[in-house]
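Heads up: the sequence shown is residues -18 to 285, going by our numbering.
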Amino acid sequence: MLKKDLLGIKDLTREEILEILDLAFEMKKLLNGEKYSQALRGKTVVTIFFEPSTRTRLSFEMAAKYLGAHYGNIEVATSSVVKGESLIDTIRTVERMKADVIVTRHNMSGTPHLLAKYTNASIINGGDGINEHPTQALLDMMTIKEKKGDFKGLKVAIIGDIMHSRVARSNIWGLKKLGAEVKVAGPSTLMPPQIEKMGVKVCYNAEEAIKDADVVMGLRIQLERQKSGLFPSIEEYREYFGINEERMRLAKPDAILMHPGPINRNVEVTSGAANASYSVIEEQVTNGVAVRMALLKILCERRN
Ligand code: CP
């Protein structure tokens, strides 16, 4: 299972996704118990992030260390990238230091796919432009499975900046493969053309998407990827698409609220909703470590 790299959920089969989730649940038992193992003893994991990150980069570091791997990080701002070294030369330099797995994030869609062709190290996509964020979707699917058991017929509402969201795209690929029904909602200016072709229902108001949902997933408004003027104001966005306690009452009584983080509190999700008992946002963070442990283990074993 899995090829050399993990570049996107689009490339995975349903069975591969479920196998990763099964191993992630095993890893979570380790996290909740002894925490450390030597499963990746002798292996080296390197992260190189060209965009900011708290959760993804640090959880890969934790995952590598919990499994006994060596870990290194390249701080792009103080690396030879700023002297003009190319991406490919950078990745080949890291490989020559005997890295087994390189995790990378870049604002250009397709960057990890390019790098994977130029290195024998396994590349994991930590987020590429607006294309995919596969490890986020895997931790989201793990959280949904943990809370809901099964995906078949599960109603998932994804609300927000669908256009610029690699999290939305990876989740749609994965959730559809697992049999969930996915609705997306957001301002029409933040809805990618022909998104219906991914098998989702498009709603232009939050209420329609959230009604009877089992899972409500908010997305961050990605101001760094937007040219100005895609919606009139933050206040208007909050008014029409912000997830609040009143809107959550439209979902099923046992619905859960998710968000990949970081949250713009009181913009896409109110603090009241984010802190409510139905919110699993912090549990997603813990599952992120477990999923990344599982992926590192699978890719390293595959390399053996
Ligand atoms: N969800 C996510 O990717 O968070 P970070 O940007 O903090 O890694």
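Just so it is clear, CB atoms sit at the ideal spot from N, CA and C, and this is done for glycine as well.
All values reported here derive from a predicted model rather than from experimental measurement.
Proximity test, residue i beta-carbon vs the ligand CP heavy atom, cut-off 7 Å
i      : result
Ser146 : no
Ser286 : An answer regarding residue 286 cannot be provided, because it is not within the stretch -18 to 285 covered by the chain.
Gln203 : no
Gln117 : yes
Arg36  : yes
Pro241 : yes
His87  : no
Gly108 : yes
His114 : yes
Own chain residues within Cβ distance below 8 Å of residue i, not counting five before or after
i      : result
Glu217 : none
Glu177 : Val183
Tyr99  : Ile69, Ile72, Arg73
Asp3   : none
Lys129 : Leu135, Asp195, Val196, Ile237
Rounded separation between residue i and residue j - CA only
i        : j       : result
Lys158   : Glu(-4) : 9 Å
Glu282   : Ala236  : 37 Å
Ser258   : Ser61   : 46 Å
His87    : Gly134  : 34 Å
Thr85    : Val57   : 11 Å
Glu263   : Ala102  : 32 Å
Ile140   : Gly180  : 16 Å
Asp289   : Gln265  : Here the chain covers residues -18 to 285 and nothing more, so residue 289 does not appear.
Ile1     : Arg230  : 33 Å
Met8     : Asp81   : 20 Å
Tyr221   : Leu280  : 43 Å
Gly155   : Ala138  : 14 Å
Asn247   : His145  : 20 Å
Lys46    : Asn186  : 44 Å
Ala118   : Gly107  : 11 Å
Ala194   : Pro173  : 22 Å
Lys126   : Lys233  : 17 Å
Val254   : Glu227  : Note that residue 254 is Ala in the sequence shown here, rather than Val. When rounded, the distance between both Cα atoms is 9 Å.
Gly91    : Arg219  : 32 Å
Phe6     : Ala166  : 31 Å
Leu(-1)  : Asp131  : 11 Å
Lys(-15) : Arg284  : 7 Å
Leu204   : Ser214  : 12 Å
Asn13    : Gly65   : 43 Å
For residue i, the three-state DSSP class (helix, strand or coil)
i      : result
Ser252 : helix
Arg228 : helix
Met89  : coil
Arg246 : strand
Asp121 : helix
Asn13  : helix
Val27  : strand
Ala187 : helix
Ser40  : helix
Leu4   : helix
Asn268 : helix
Glu113 : strand
Val57  : helix
Leu200 : coil
Own chain, CB closer than 7 Å to residue i, minus 5 neighbours either side, in chain order
i      : result
Ile153 : Val163, Met179, Val181
Phe31  : Val57, Arg86, His87, Asn88
Ser319 : Because the chain here runs from -18 to 285, residue 319 falls outside it and cannot be looked at.
Contact set for residue i: own chain, Cβ-Cβ below 6 Å, skip 5 residues either direction
i      : result
Asn54  : Thr28
Ile105 : Leu(-13), Val84
Glu189 : none
Pro168 : Phe212
Any non-hydrogen atom of the ligand ZN within 7 Å of residue i CB
i     : result
Thr25 : Although the ligand ZN was asked about, the structure shown includes only the ligand CP as ligands.
Open item on the list: So, does the segment 198 to 206 touch the segment 236 to 251, judging by three or more C-beta pairs under 8 Å?
Closed with: Taking one beta carbon from each stretch, the segment 198 to 206 and the segment 236 to 251 have 3 or more pairs nearer than 8 Å; the two touch.
Is there contact between the segment 44 to 61 and the segment 15 to 24, where contact requires at least three CB pairs shorter than 8 Å?
Enough Cβ pairs lie closer than 8 Å, so yes.
Check whether the segment 33 to 45 and the segment 269 to 284 are in contact - that is, three or more C-beta pairs closer than 8 Å. Result yes; three or more Cβ-Cβ pairs closer than 8 Å.
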